[in-house]
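Undergrad: Start counting the sequence shown at 1; every next residue gets the next number (UniProt numbering).
Beta carbons are placed, not taken as given, at the ideal position from N, Cα and C, and that holds for glycine.
Quick caveat: nothing in here was measured; it's all calculated off a predicted structure.
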Amino acid sequence: MVSQENPQEDNITEPLIDPDNSLPQYSETSSSPSRSIPTPIGSTAFNMSFVFSLLVSVGALLFASTVWYITSTADYLFFIWHPTLMSLMLLMTTNGILVLQKAESRQEKVSSLNFHKALQSIGFLSVIGGFYVIITFKNMGNKEHFESPHGKFGLITFSLILIQTIAGSTLVNFPGVVGGVVKAKAMYKYHRFSGYLLLAFIWLTALGGTQNAWVKAQFDHLWVWLLATGMVFVGTVGRIKSNKLKVW
Ligand code: HEM
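1) Could you tell me which uninterrupted alpha helix (DSSP H) segments, each at least 4 residues in length, are contained entirely in the stretch 40 to 112, listed from first to last along the chain?
2) Quick one, are the C-beta atoms of residue 153 and residue 94 less than 7 Å apart?
3) Kindly examine ligand 1 and report whether one of its heavy atoms sits closer than 6 Å to the Cβ of residue 139.
4) Are there any heavy atoms of ligand 1 lying less than 6 Å away from the beta-carbon of residue 249, as far as the coordinates show?
5) Per DSSP, what kind of secondary structure is residue 238 in: helix, strand or coil?
6) Please return the same chain residues whose Cβ sits closer than 7 Å to the Cβ of residue 165, not counting the five positions on each side in sequence.
7) Compute every distance between the C-beta of residue 150 and the non-hydrogen atoms of ligand 1, then say whether any falls below 6 Å.
8) For a test of the three-state rule: what should DSSP assign to residue 203, helix, strand or coil?
9) Roughly how many angstroms separate the alpha carbons of residue 62 and residue 228, rounded to a whole number?
10) Just to confirm before moving on: does the CB-CB distance between residue 150 and residue 208 stay below 7 Å?
11) Where residue 194 and residue 246 are concerned, what is the direct C-alpha to C-alpha distance, given to the nearest angstrom?
What follows is the structure, given as structure tokens:
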């Protein structure tokens with residue numbers, strides 16, 4: 001998202017195309033301009049950040065769409081909305097972090113923050129829905145709550161998502177609560193740090209959910225879940241800027 005008015009001012013440190021060869025050269029394949037096909041002949045070196053970004057998005061989509069495949073093909077139960085909504089949350093929150101990781105310029109930060117807010121808002125609504133469904137479903141069957149490791153871990157993850165979302169939206173929308181915009185921005189680093197920890201909680205909880213007997217009866221291919229989680233892990237860690245993670 002380079003500024004159209006003045007590309008220099010954006011100071012993007014890792015552009016998609018190597019700046020030394022920023023504009024690929026094109027060859028004319030025909031003498032007639034109307035029939036020529038422009039072909040890039042210069043270097044178009046992709047940086048690793050783009051590859052990491054693909055890993056994250058594809059990994060998250062692989063996980064979520066596998067869950068949606070399971071829930072759409074299994075016999076209908078009200079329960080299926082739990083994994084369906086939790087996977088939507090997983091997809092949104094993971095991509096919501098991804099969009100902010102490489103924002104450098106002011107313009108990039110503004111548009112990335114808008115994406116972040118939109119994705120995390122959908123994620124927030126999804127986690128509320130997913131939690132409501134599993135609690136209601138268990139109440140319908142008079143079952144005990146939070147018995148399995150996934151259930152216990154899920155309760156912690158759910159609570160942390162609520163805290164993280166409320167804290168983040170307070171910093172952005174009501175900075176006066178923490179003493180003004182400058183103080184709120186100085187606290188972004190804590191939100192960033194806890195956000196990465198929470199992302200790990202979210203993925204571990206979701207992985208636990210896939211090992212439930214009902215899920216395994218529908219789809220028992222652990223390698224798919226591990227592959228998806230591994231892709232997200234490698235891609236997210238690969239894009240972390242360590243200087244942005246210093247909290248003390
Ligand atoms: C990170 C996202 C998730 C969170 C926060 C979460 C949270 C929870 C919680 C708190 C419970 C227990 C509710 C109770 O005992 O009253 C639960 C149960 C359950 N969840 Fe999830 N869940 C998530 C993702 C998933 C996924 C992706 C699946 C399936 C692929 C799944 C499958 C199940 C199943 C089968 C149960 C019922 C059995 C049990 O209590 O372990 N969950 N979940």
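TA: The answer reads as follows:
1) Restricted to the stretch 40 to 112, the alpha helix (DSSP H) segments that are unbroken, complete and at least 4 residues in length are 48 to 73 and 81 to 101, listed in chain order.
2) no
3) Shortest gap from the CB of residue 139 to any heavy atom of ligand 1: 6 Å or more.
4) The displayed coordinates of the chain run from 1 to 248. Any statement about residue 249 would go beyond what the structure contains.
5) helix
6) 120 and 124
7) Short note on residue 150: C-beta closer than 6 Å to some heavy atom of ligand 1.
8) helix
9) 6 Å
10) yes
11) 12 Å
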